[in-house]
Amino acid sequence: MRSRLFPKILLVLILVLLSACATESGSAPAAIESYLQALVTKNASQLVAASCAAWEASARQELRTFDAVEVSLNELACQVADQSGDTVRVACSGRITANYGNEVLEINLADRSYTAVNEAGEWRMCGYQ
476 MRSRLFPKIL
486 LVLILVLLSA
496 CATESGSAPA
506 AIESYLQALV
516 TKNASQLVAA
526 SCAAWEASAR
536 QELRTFDAVE
546 VSLNELACQV
556 ADQSGDTVRV
566 ACSGRITANY
576 GNEVLEINLA
586 DRSYTAVNEA
596 GEWRMCGYQ
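Our numbering runs 475 ahead of the 1-based position in the sequence shown.
And the structure:
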């Protein structure tokens, strides 16, 4: 009896772990991280997909500001700062480094408060302050 029960318990534990991973990938902090990664890799389609409808034009404009520079993302980590319904304020640490040739600009991600909204069941980046 015990030998038949063990595989079932193991299967349930695996399913629980997989569902926890799926939930995290659909989290508000993960949406902000996806947006920032798309920004520095200059992936326009991923950037727009990670943005809410109201932020898409701003995302494209922000992407254009990095057209002629080398950009990297360093030590990125994001977490929920607070939540109100379908809107989450996300705090991130790390920095974006933009190399303009003779000048290097570092953007400290902790200086911004990011907003994520849940649109159609998915978290998306929707601005920052």
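Glycine included, each C-beta is placed from N, C-alpha and C at the ideal position.
Please read these numbers as outputs of a predicted model, since none were measured by experiment.
Candidates the options, of which the one nearest residue i by Cα
{"i": "residue 531", "options": "513, 579 and 584", "result": "513"}
{"i": "residue 602", "options": "542, 576 and 536", "result": "536"}
{"i": "residue 538", "options": "589, 570, 518 and 584", "result": "518"}
{"i": "residue 584", "options": "523, 598 and 604", "result": "604"}
{"i": "residue 526", "options": "505, 540 and 587", "result": "505"}
{"i": "residue 577", "options": "522, 544 and 523", "result": "544"}
Rounded Cβ spacing between residue i and residue j (contact assumed at less than 8 Å)
{"i": "residue 546", "j": "residue 515", "result": "4 Å"}
{"i": "residue 507", "j": "residue 575", "result": "Contact flag wrong, Cβ pair sits at about 25 Å."}
Three-way DSSP call (helix, strand, coil) for residue i in this model
{"i": "residue 575", "result": "coil"}
{"i": "residue 542", "result": "coil"}
{"i": "residue 604", "result": "coil"}
{"i": "residue 588", "result": "strand"}
{"i": "residue 502", "result": "coil"}
{"i": "residue 598", "result": "strand"}
Bridge partner(s) assigned by DSSP for residue i
{"i": "residue 530", "result": "None; residue 530 has no bridge partner."}
{"i": "residue 552", "result": "568"}
{"i": "residue 558", "result": "563"}
{"i": "residue 582", "result": "571"}
{"i": "residue 520", "result": "In DSSP, residue 520 forms no bridge with anything."}
Residue i vs residue j beta-carbon contact at 7 Å
{"i": "residue 556", "j": "residue 564", "result": "yes"}
{"i": "residue 569", "j": "residue 580", "result": "no"}
{"i": "residue 548", "j": "residue 522", "result": "no"}
{"i": "residue 503", "j": "residue 598", "result": "yes"}
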